[in-house]
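One gets our numbering by counting positions in the sequence shown from 1 and adding 115 to each.
Below is one structure, written out as structure tokens; the observations come after it.
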Amino acid sequence: MKKPNTPNVVCYGEILWDCFPDREVLGGAPFNVAFRLHRLGAEVQLISAVGNDARGHETYFALEELGLDTTCIYPHKELATGYVKVELDQAGAATYTIGQPVAWDHIPAPEILVDNPILVFGSLALREPFNLSQLHKLVERCDTVVFDINLRPPHYQMNQLIPLMEKASCIKLNEDELPLVLKELDITADALEQQLRLLAAETQTETICVTLGAEGAAVLHGGEFYSQKGFPAQVVDTVGSGDAFLAAFIYGFYLLQEGPRAALKRGCALGSLVAATAGATAEIPMTELEARLKD
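Laid out in structure tokens, this is it:
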């Protein structure tokens, strides 16, 4: 695999513990994306916060074990480390109960030391005004901004997210989130391609990705529409599969500078491999990813 020719990626947002009935696993969409990008070969800076508690201490240890930089993981003296209670149905689909308030509701925006990094953030971490104000500072410093729409009711206000969509270079949604965004913007269309075209025109966004579960994903880039069928997978759970898709798409499209079709395939391939494992951070051999990309 060739190495990327673009510098660092900065991921801003929640880091937390996914609490399954039988185990606790480090998670949070920005962390999952950062982890996968790191495993793919990118230089990543994760910006988040943890509490001064057992989970917070374990977070630092786990990040160091994974080889991720902890410089911008800020300790909070009063708020607890984030946690989410995860329940899985018989098909492996996850539902979440998200703790609040927690340390990642208060993440300072550091000075970015690398030149013009790719900024990746999700909507969940913006549920409190402090993070929203900090995120706007980061957006103004970065030319390439990737917005992962990650709607978890009741932890979002759509009218706060639309201005950030208008500043994003790339928006990523899933098939359940897309109708909610379209409704907010009074966009009506039946076909997915037309929906994305109208959304891109409304927000002036060059690239919009939509994941479609087992059916694959689609992307509109520069006015061209691309789709990719899903890869076969024996689903264990879906936790982190969308984050893996986004990491692989970013790596392929922005870092390797592949075309949107190749990056879309890369995202779907990695997402399907993660869905076939337990949890969001299972190790995926790069040989398995490369084998899927050759199919």
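For every residue, glycine included, the Cβ atom is placed at its ideal position computed from N, Cα and C.
Bear in mind the structure is a predicted one, so any value in this text is a computation, not a measurement.
{"Item": "When Q215, G374 and C257 are compared against P268, the one with the closest alpha-carbon", "Value": "Q215"}
{"Item": "CA-to-CA distance, F340 to L371, given in whole angstroms", "Value": "20 Å"}
{"Item": "Given 8 Å, three or more beta-carbon pairs between the segment 355 to 369 and the segment 379 to 390", "Value": "yes"}
{"Item": "For A164, the nearest candidate out of I277, T318, G197 and E281 (CA to CA)", "Value": "G197"}
{"Item": "In chain order, each beta strand (DSSP E) run of at least 3 residues that lies wholly inside the segment 282 to 320", "Value": "285 to 289"}
{"Item": "6 Å Cβ shell around V254 - same chain, five flanking residues per side excluded", "Value": "V260 and K282"}
{"Item": "Stretch-stretch touch, CB-based, cutoff 8 Å, three pairs: the segment 124 to 133 with the segment 233 to 246", "Value": "yes"}
{"Item": "Residue closest to L194, alpha-carbon to alpha-carbon, out of T318, R376, V217 and N289", "Value": "V217"}
{"Item": "Boundaries (first-last residue) of the beta strand (DSSP E) holding Y175", "Value": "Y175 -> not in any beta strand (DSSP E); alpha helix (DSSP H) instead, spanning A169 to L181."}
{"Item": "Cβ-based burial, R82 [other Cβ within 10 Å; buried from 16]", "Value": "Residue 82 lies beyond the range of the chain shown here (116 to 410); nothing can be said about it."}
{"Item": "Selection from L307, R242 and C324 that minimises the alpha carbon distance to A363", "Value": "C324"}
{"Item": "Cβ shell of M273 (< 6 Å), same chain only, five flanking positions each side left out", "Value": "E299"}
{"Item": "Supposed contact pair N147 and G355 - C-beta distance, whole angstroms, cut 8 Å", "Value": "5 Å"}
{"Item": "Element boundaries [alpha helix (DSSP H), containing E405]", "Value": "M401 to K409"}
{"Item": "Proximity below 7 Å, CB of K192 to CB of N167", "Value": "yes"}
{"Item": "Alpha-carbon spacing of D133 relative to V140, whole angstroms", "Value": "5 Å"}
{"Item": "Status (buried if at least 16 other CB within 10 Å, exposed otherwise) for A395", "Value": "buried"}
{"Item": "Cβ contact check for the segment 168 to 179 and the segment 203 to 211: 3 or more pairs under 8 Å", "Value": "no"}
{"Item": "Identity of the residues DSSP links to S163 by a beta bridge", "Value": "I188"}
{"Item": "Contact under 7 Å by Cβ, I227 with C187", "Value": "no"}
{"Item": "Identified DSSP bridge partners for T212", "Value": "K200"}
{"Item": "Spatial distance of L155 from A378 (CA atoms)", "Value": "13 Å"}
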